[in-house]
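**Student:** Each number in the working numbering corresponds to the 1-based position in the sequence shown with 30 added.
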Amino acid sequence: MIQKVKMAYWPQLAAFIMWFGTAFLTYFIKNADDFPRTTEFACLCIIIAVFCVVTLPFNKVRYYGPWLLALALITGGWEIVQAKWLLLPRPFFGAPQELLDVFITDWYRLLDSLLHSLTLLLGGYIFGCLIGFLIGIGMGWSLRFGYWAHPVLRFFGPLPPVAFLPLLFAVIPSSWLAGELLMAFAAAFPVAVLTWSGIAGVNPGYYDVARTMGASSSFLIRHVAIPAALPFVFVGMFMALGSCFYMLVVAEMLGVKAGLGFYMQWAQGWAAYPNMYAALIIMAVMCTSFMTLLFKIRNRLLRWQKESIKW
């Protein structure tokens, strides 16, 4: 029992030592170049070290103790290699305090870019999922609708949405609207295919039982077909979200003059690579947050399948 307690606590205690050591070497060892925010970065490392100690009683935080230790080792090694020894070529690789400087000095532009990306992503994703959901219901329920929609879906669906980028930007005067349509197309195809497969695979016995109770066609669709197909629908939505992340960056870099993708391209053009890395970190947090939220919604609606798919 004592051994288990030591194994539960030692990674976080080691993380405390490493973060404190990173703060010490950051502040007291001279930098190889003029890096901004060195003092602020050392204070940040101390704050993280204090956090590691204060949260020791909490099991959920202790679970991430090895990660806190790994991040401390990576950050300390990065600080030594670049800030103290300058072994990596600049400006492609900066020091940790340069990244912190970007978040402090350019937070307004990063926040504005994030809001633009969120607006573009949500609009295209929600619209595309809705269109794909309706198409999938129609194909899975109506043979006549499926007769006409299936060949079109097979012909255009596998095409990468980025292939339509030059055409949409030429036909549609608004680059923002063109980007929305591109992401809607990227989201609609997987949702339509998976919704169609889910509804087509519903056990016919469910319909027979409902019909014996006097259920109408609309009742069968709303209360039998769609609930039974929801696991497939969410798989399609997960795939659609990944496609939309890809299209978001492409649209913002090539046409939409706003958002995190545009910010990254601007930073690269000015050789401001710490700014580019900061935008990349924010984009990663945004993407994983959306995916986590979608999984929570799925687990709430599909409680009986909560452990079948993990994120």
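Note that the Cβ used here is the ideal one computed from N, Cα and C, for glycine as well.
The structure presented is a predicted model; accordingly, all values stated were derived computationally and were not measured.
Closer than 8 angstroms is the cut-off here; do at least three beta carbon pairs connect the segment 180-187 with the segment 295-307?
**Tutor:** no
**Student:** Determine whether the beta carbon atoms of G344 and A270 lie at a separation below 8 angstroms.
**Tutor:** Here the chain comprises residues numbered 31 to 341, so residue 344 is not present and cannot be evaluated.
**Student:** Please report the distance separating the alpha-carbon of S248 from that of G176.
**Tutor:** If you take the alpha carbons of S248 and G176, they lie about 18 angstroms apart.
**Student:** Please tell me whether F50 and I77 are closer than 8 angstroms, where the distance is taken between their beta carbons.
**Tutor:** For F50 and I77, no; Cβs fall outside 8 angstroms.
**Student:** Where do the ends of the alpha helix (DSSP H) carrying V221 lie?
**Tutor:** S205 to A230
**Student:** Taking C-alpha atoms, which residue in D238, E70 and W171 lies nearest to I256?
**Tutor:** W171
**Student:** Distance, Cα to Cα, Y237 vs I167?
**Tutor:** 15 angstroms
**Student:** Considering only residues of the same chain and omitting the five flanking positions on each side of V132, which have a CB-CB separation below 7 angstroms?
**Tutor:** If we look at V132 and ignore the five residues flanking it on each side, its Cβ neighbours are P304, N305 and A308.
**Student:** Beta carbon of G228, beta carbon of F262: below 8 angstroms?
**Tutor:** Yes, the pair counts as a contact, with Cβ atoms nearer than the cut-off.
**Student:** Just the C-alpha distance for F81 and M267, rounded to the nearest angstrom, thanks.
**Tutor:** Between F81 and M267, the C-alpha separation is close to 37 angstroms.
**Student:** Going by the beta-carbon positions, is the gap between G285 and A218 smaller than 8 angstroms?
**Tutor:** no
**Student:** To the nearest angstrom, how far is the alpha carbon of P191 from that of A301?
**Tutor:** 30 angstroms
**Student:** In the DSSP assignment, the alpha helix (DSSP H) including F81 goes from what residue to what residue?
**Tutor:** T68 to V84
**Student:** Let's test the definition: count the other Cβ atoms within 10 Å of the Cβ of G231 and tell me whether it reaches 16, buried, or not, exposed.
**Tutor:** exposed
**Student:** Between the C-alpha atoms of L160 and A222, what's the straight-line distance to the nearest angstrom?
**Tutor:** 9 angstroms
**Student:** Tell me whether S143 is buried or exposed, calling it buried when 16 or more other Cβ atoms sit within 10 Å of its Cβ.
**Tutor:** buried
**Student:** Give the DSSP-derived three-state secondary structure of N233 in the structure shown.
**Tutor:** coil
**Student:** On the premise that L198 lies in contact with L211, defined as a C-beta separation below 8 angstroms, what is that separation, rounded to the nearest angstrom?
**Tutor:** 6 angstroms
**Student:** Could you give the distance in angstroms between the alpha-carbon of W115 and the alpha-carbon of I104?
**Tutor:** If you take the alpha carbons of W115 and I104, they lie about 15 angstroms apart.
**Student:** Helix, strand or coil, according to DSSP, for K36 in the structure here?
**Tutor:** Confidence is the limiting factor: at K36 the pLDDT is only 44, short of 50, which leaves the residue's position unreliable and the question unanswerable from this model.
**Student:** Whole-angstrom Cβ separation of G291 and L310, contact assumed at under 8 angstroms?
**Tutor:** Under the criterion of beta carbons closer than 8 angstroms, G291 and L310 do not qualify as touching, at roughly 10 angstroms.
**Student:** Cα separation between I251 and L173?
**Tutor:** 14 angstroms
**Student:** Please give me, in chain order, every unbroken run of the alpha helix (DSSP H) with length at least 4 that falls completely inside the segment 137-185.
**Tutor:** 137-171
**Student:** With a 10 Å radius around its C-beta and 16 neighbouring C-beta atoms as the bar for buried, classify A200 as buried or exposed.
**Tutor:** By the beta-carbon neighbour count (other beta carbons within 10 angstroms, threshold 16), A200 is exposed.
**Student:** Report, in whole angstroms, the separation of the C-beta atoms of L99 and M169, which I expect to be a contact under 8 angstroms.
**Tutor:** At roughly 51 angstroms, the Cβ-Cβ gap does not stay under 8 angstroms, so L99 and M169 are not in contact.
**Student:** Name the residue from F58, L43, I165 and F215 whose alpha carbon lies nearest to the alpha carbon of W97.
**Tutor:** L43
**Student:** Return the chain-ordered list of same chain residues with a C-beta closer than 8 angstroms to the C-beta of V35, the five sequence neighbours on each side being excluded.
**Tutor:** Here the model assigns V35 a pLDDT of 42, short of 50, so the residue's position is not dependable and the matter cannot be decided.
**Student:** Going by DSSP in three states, I202 sits in which element: helix, strand or coil?
**Tutor:** coil
**Student:** So N305 is in the alpha helix (DSSP H); what residue range does that whole segment cover?
**Tutor:** Y303 to L331
**Student:** Using only the alpha-carbon positions, how far apart do Q127 and W226 sit?
**Tutor:** 51 angstroms
**Student:** Can you give me the Cβ contacts of N72 inside the same chain, cut-off strictly under 7 angstroms, excluding the 5 residues immediately before and after it?
**Tutor:** The amino acid occupying residue 72 in the given sequence is Ala; Asn does not appear at that position. Here the set comprises A53, T56 and Y57.
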